[in-house]
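Trainee:
Numbering (my numbering), first residue to last: 118 to 562.
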């Protein structure tokens, strides 16, 4: 993409309504614009990152054997009355009426709707297990929407639902989700710690939240510092192997890590003092096992091998896809702007032409742009007639991991400059070497 043809409305001044880093930088970098309180338009740069995250979530869910679908944003209130949650959910639920005076709601989550789909489709234990998920926009009418996409009213969420014959089968689904979430967050360059949490309005007393440590987090957390050394890495896992998935759960949840709602001071005191930590955390996902809470009241039953009609065991599992962008920026930025991990960057490399209009510089930039584009390296070429300092500031603000700088002086020596946004280290390379280096970097992701 040539920057002269791209829609990137960068702000020079920090908007007064933005109180945290991610909100400030997303507005300044032209990623989002507020439509109303807690509701945002996703501009091209922000939308591009959103789709990168969504694709990673899809890939890891499918890898775990989960089946994608899509449910609507609007739901019938009748299903929520059937489960008992219509009145219990509170004012965060946006309740509306259609033209026929039927009660509807803008879904904050989908347990009722997916249970209705299941009960009208599955009748036998032979059709189990099933795990269905979708990535869809949700709405929760927060009293005080703030922090940009971190605590907005409209947000993009992956929510998945497992249906199993027994509690043991459902807990394996729970473990399977925990493993897939660890992989998902690490691919995004995040350290997300699973912490024992509270079930809230979803229900269930077996649940973990995944939290990214950050000063701007809304939750107070207590943990054993050893948990921050754990990584899933590149290990392969058989998601059908109960013992393997259970072992990963034990590895990542045995050490103390809890949110303030479930904090146990006596257990915390058993940790060696030098390893006790308190911090703030940003929730980026949560997994639940809630047994037959919904299947019993909504009659989601199957016939088991003994011919008995039994309610299925269920769980739900969410990832805040749009909120993840804020979490990544909170975890990866400096005073110049965003620093995107390579796996989620909107463009893989930026090209800066130091002397736009110079025949040799223009030709070299165009040649590099075409070669990088053909190699799938998604270049963003700043071909504007702007001073070099302004071009560098733009690239630093939007946070592309790598920058290629081309100018007459370097071209006289047959080299271009490759710069890492994260480290600031620059290296002079002949153009072919620079392209080869970038190919190798992204091939390893």
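A virtual CB, placed ideally from N, CA and C, is assigned to each residue, including glycine.
Please confirm whether residue 162 and residue 463 have their CB atoms less than 8 Å apart.
Mentor: It is a contact, given that the beta carbons lie within the stated cut-off.
Trainee: On the three-state DSSP scale, how would you describe residue 493?
Mentor: Coil, per DSSP.
Trainee: Check whether the Cβ atoms of residue 232 and residue 417 sit closer than 8 Å, and answer yes or no.
Mentor: Their beta carbons are under 8 Å apart, which means residue 232 touches residue 417 by this criterion.
Trainee: When the Cα atoms are used, what is the spatial distance from residue 188 to residue 249?
Mentor: One C-alpha to the other measures close to 11 Å.
Trainee: Among 287, 353, 459 and 467, which has the Cα closest to the Cα of residue 300?
Mentor: Answer by Cα proximity: 353.
Trainee: Using C-beta distances below 6 Å, list every residue in its chain close to residue 512, excluding the 5 sequence neighbours before and after it, in chain order.
Mentor: Excluding sequence neighbours, residue 512 sits near 467 and 520.
Trainee: When burial is assigned at 16 or more other CB atoms within 10 Å of the CB, is residue 567 buried or exposed?
Mentor: Lying before the first or after the last residue shown, residue 567 is absent from the chain, which here runs from 118 to 562.
Trainee: Using beta-carbon positions only, say whether residue 171 and residue 252 come within less than 8 Å of one another.
Mentor: In contact: residue 171 and residue 252 (Cβ atoms closer than 8 Å).
Trainee: Does residue 487 pass the burial test, meaning 16 or more other C-beta atoms within 10 Å, or should it be called exposed?
Mentor: Classification for residue 487: exposed.
Trainee: Locate the beta strand (DSSP E) running through residue 312, then write down its first and last residues.
Mentor: Start and end: 309-313.
Trainee: DSSP three-state call for residue 519: helix, strand or coil?
Mentor: Note: residue 519 maps to strand in three-state DSSP.
Trainee: With DSSP collapsed to three states, give me the class of residue 374.
Mentor: Strand at residue 374.
Trainee: Is the number of C-beta pairs between the stretch 397-412 and the stretch 280-289 that are closer than 8 Å three or more?
Mentor: At 8 Å Cβ cutoff, the stretches touch.
Trainee: Tell me, please, whether the stretch 413-430 touches the stretch 257-270 by the rule of three or more beta-carbon pairs shorter than 8 Å.
Mentor: The stretch 413-430, when compared against the stretch 257-270, does not touch it at the 8 Å Cβ threshold.
Trainee: Is it buried or exposed for residue 516, if we count other Cβ within 10 angstroms and need 16 for buried?
Mentor: The residue in question, residue 516, is buried, as its Cβ has 16 or more Cβ neighbours within 10 Å.
Trainee: How about residue 437 and residue 401: are their beta carbons less than 8 Å apart?
Mentor: Result yes, Cβ atoms of residue 437 and residue 401 sit closer than 8 Å.
Trainee: Could you tell me if residue 275 is buried or exposed, where buried requires 16 or more neighbouring beta carbons within 10 angstroms of its beta carbon?
Mentor: Classification for residue 275: buried.
Trainee: Just how far apart, CA to CA, sit residue 528 and residue 481?
Mentor: The straight-line gap from Cα to Cα measures roughly 8 Å.
Trainee: Report the rounded CA-to-CA distance for residue 433 versus residue 169, giving the unit in angstroms.
Mentor: Looking at the two C-alpha atoms, the distance is approximately 23 Å.
Trainee: Which residue spans inside the stretch 146-195 form an unbroken beta strand (DSSP E) run of at least 3?
Mentor: Listed in chain order, they are 149-153, 156-159 and 191-193.
Trainee: With burial defined as no fewer than 16 other Cβ atoms inside 10 Å of the residue's Cβ, what is the status of residue 179: buried or exposed?
Mentor: Exposed is the call here.
Trainee: Within a Cβ cutoff of 8 Å, which residues of the same chain sit near residue 149, ignoring the five residues on either side of it in sequence?
Mentor: Excluding positions up to five away in sequence, the list reads 143, 157, 158, 159, 160, 163, 265 and 266.
Trainee: From residue 559 to residue 242, what distance separates their C-alpha atoms?
Mentor: Approximately 44 Å, taken between the alpha carbons.
Trainee: So what does residue 340 bridge to, in DSSP terms?
Mentor: Beta-bridge pairing links residue 340 to 374 and 394.
Trainee: Pair every Cβ in the stretch 342-361 with every Cβ in the stretch 303-316, then say whether three or more of these pairs are closer than 8 Å.
Mentor: With a cut-off of 8 Å, the stretch 303-316 and the stretch 342-361 count as touching, because enough Cβ pairs lie within range.
Trainee: Excluding the 5 residues preceding and the 5 following residue 374 in the sequence, name in chain order all residues of the same chain whose CB lies nearer than 8 Å to its CB.
Mentor: Taken in chain order, the residues that qualify are 310, 311, 312, 313, 338, 339, 340, 341 and 344.
Trainee: Would you kindly work out how many angstroms separate the C-alpha atoms of residue 244 and residue 254, rounded to a whole number?
Mentor: If I take the Cα positions, the gap works out to 29 Å.
Trainee: What's the gap between the Cα of residue 572 and the Cα of residue 453?
Mentor: Outside the shown range of the chain, which is 118 to 562, sits residue 572, and nothing can be said about it.
Trainee: For residue 542, count neighbouring C-beta atoms within 10 Å of its own C-beta (all shown protein chains included) and say buried if the count is 16 or more, exposed if not.
Mentor: It is exposed - the Cβ of residue 542 has fewer than 16 other Cβ atoms within 10 Å.
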